[in-house]
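S.K.:
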Amino acid sequence: MSRKTCSREEAAPAVAPVFAALGDETRLLLLARLSEGDACSIAKLTEGSGLTRQAITKHLRVLQNARIVRCVRSGRESLFAVDPEPLTEIRAYLDRVSRAWDERLERLKAFVEIERVAD
Amino acid sequence: MTTADVPNSIQKQIELAAPVSRVWRALTDHREFGAWFRVNLESPFEAGQVSRGRITWPGYEHVVWEAVVQRIEPESLFSFTWHPYSVAPGIDYSQETPTLVEFRLEATAAGTLLTVTESGFDHVPEARRAEAFLRNDGGWAQQIKNIETYVAQNL
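Top to bottom, those sequences are chains A and B.
Under the numbering used here, think of the first position of the first sequence as 903, with each following residue one higher.
Under the numbering used here, think of the first position of the second sequence as 42, with each following residue one higher.
Okay, structure coming up:
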């Protein structure tokens, strides 16, 4: 997987735009479509979507800003493809938050249960 | 992982062999909370007020823990907002939308069932998110599954 060379902010603040970008049904549909295989042009993504080209363009931009989708040039055409890295990043982030809660809750459990024995 | 459907919250459940009143005290008495959460809180929790203190984890004593208490509903719900990873020095988190942490308590035969939910990782205000979900026709889970499959294949 290729890492972009541009410098990146701390992992914590950077995940929010990815979560936010995923919080929209149209964008999820676009992502699902792009996840099926090859890079797609805006025209192809618009086909049968029931949305205007402008709407598709707008949503693609949000996905691009969140780094989930990147634009690749193919001749004169702009094609869009999924970049899975931000998605694996938010997964890793949620895993970290999740583990932190597991540890805290284990400590809480020990705290309330041990003290009870001592009562 | 417990976040398969909506990648915007984490939910944990744990059975505690202690009565609800005991768990409630461990959650809402700021000294008791600090003992297991590992933070030295300066003052009692109060709804609507900032709660602050130094982390007591070895190596993290320089970090100030800060949360805003949201709801204190005796023996049933305790919640606060915070920045889960606000430990990186030199970053101002005050402009970021915080996440919401909720502790819900339920009496069981064995003691207490505690459910912890942390939500809002997308930093989208609740009202806007609710709107997004209302428009969802149920395809959400399937889309996420597709994306996850894709991600798994492209690691």
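Glycine residues also receive a C-beta, built at the ideal position from the N, C-alpha and C atoms.
The model shown is predicted, which means the values in this text are computed figures rather than measured ones.
What is the DSSP secondary structure of phenylalanine 121/B, reduced to helix, strand or coil?
M.R.: strand
S.K.: Rounded to whole angstroms, what's the CA-CA distance from serine 117/B to histidine 124/B? Just pull it up for me.
M.R.: 23 Å
S.K.: When DSSP builds the beta bridges, which residues end up paired with glycine 94/B?
M.R.: Paired residue(s): Leu82/B and Trp106/B.
S.K.: Any idea if valine 157/B is buried or exposed, counting beta-carbon neighbours within 10 angstroms, 16 or more meaning buried?
M.R.: buried
S.K.: List, in chain order, every chain B residue whose beta-carbon is nearer than 9 Å to that of arginine 975/A.
M.R.: Near arginine 975/A there are no residues of chain B at all, since even the closest Cβ is about 21 Å away, more than 9 Å.
S.K.: I'd like the span of the alpha helix (DSSP H) that includes leucine 924/A, first residue to last.
M.R.: 913–924
S.K.: Going along the chain, which residues of its own chain have a beta-carbon closer than 7 Å to the beta-carbon of leucine 146/B, five neighbours each way excluded?
M.R.: Val61, Val64, Trp65, Glu116, Ser117, Thr153 and Leu155
S.K.: Can you name the start and end residues of the alpha helix (DSSP H) that glutamate 927/A belongs to?
M.R.: 927–937
S.K.: For serine 50/B, is the classification buried or exposed, using 16 other Cβ atoms within 10 angstroms of its Cβ as the cut-off for buried?
M.R.: buried
S.K.: Got a sec: which bits of the region 915–929 of chain A sit with their beta carbon under 7 Å from any beta carbon on chain B, in order along the chain?
M.R.: Pro915, Val917, Ala918, Phe921, Ala922, Leu924, Gly925, Asp926 and Glu927
S.K.: Distance, Cα to Cα, valine 971/A vs lysine 53/B?
M.R.: 31 Å
S.K.: Per DSSP, what kind of secondary structure is alanine 1012/A in: helix, strand or coil?
M.R.: helix
S.K.: Buried or exposed, going by whether 16 or more other CB atoms sit within 10 Å of the CB of glutamate 73/B?
M.R.: Buried is the label assigned to glutamate 73/B, since at least 16 other Cβ atoms lie within 10 Å of its Cβ.
S.K.: Provide the residue span of the alpha helix (DSSP H) that contains threonine 948/A, from first to last.
M.R.: 944–948
S.K.: Going by the beta-carbon positions, is the gap between serine 120/B and valine 142/B smaller than 8 Å?
M.R.: yes
S.K.: What span of residues does the beta strand (DSSP E) with alanine 67/B cover, start to end?
M.R.: No beta strand (DSSP E) holds alanine 67/B; the alpha helix (DSSP H) holding it covers 61–69.
S.K.: Could you spell out the range, first to last residue, of the beta strand (DSSP E) harbouring threonine 153/B?
M.R.: 153–160
S.K.: Output the distance between the C-alpha atoms of leucine 930/A and arginine 978/A, rounded to the nearest integer angstrom.
M.R.: Straight-line Cα distance between these residues: approximately 27 Å.
S.K.: For alanine 923/A, which option in Gln956/A, Ala968/A and Arg1009/A has the closest C-alpha, if you only look at C-alpha atoms?
M.R.: The candidate whose alpha carbon is nearest that of alanine 923/A is Ala968/A.
S.K.: Quick check on the DSSP output: the alpha helix (DSSP H) that includes alanine 957/A runs from which residue to which?
M.R.: 955–967
S.K.: Enumerate in chain order the residues of its own chain whose CB-to-CB distance from glutamate 107/B is below 6 Å, with the five nearest sequence positions on each side excluded.
M.R.: Arg93
S.K.: Can you find the residues in the same chain that come closer than 8 Å, C-beta to C-beta, to valine 80/B, ignoring five residues on each side of it along the sequence?
M.R.: Phe74, Gly94, Arg95, Ile96, Thr97 and Trp106
S.K.: Can you look up aspartate 1002/A in the DSSP assignment and give me helix, strand or coil?
M.R.: Before going further, note that residue 1002/A is alanine rather than aspartate in the sequence given. DSSP places alanine 1002/A in helix when its eight states are reduced to three.
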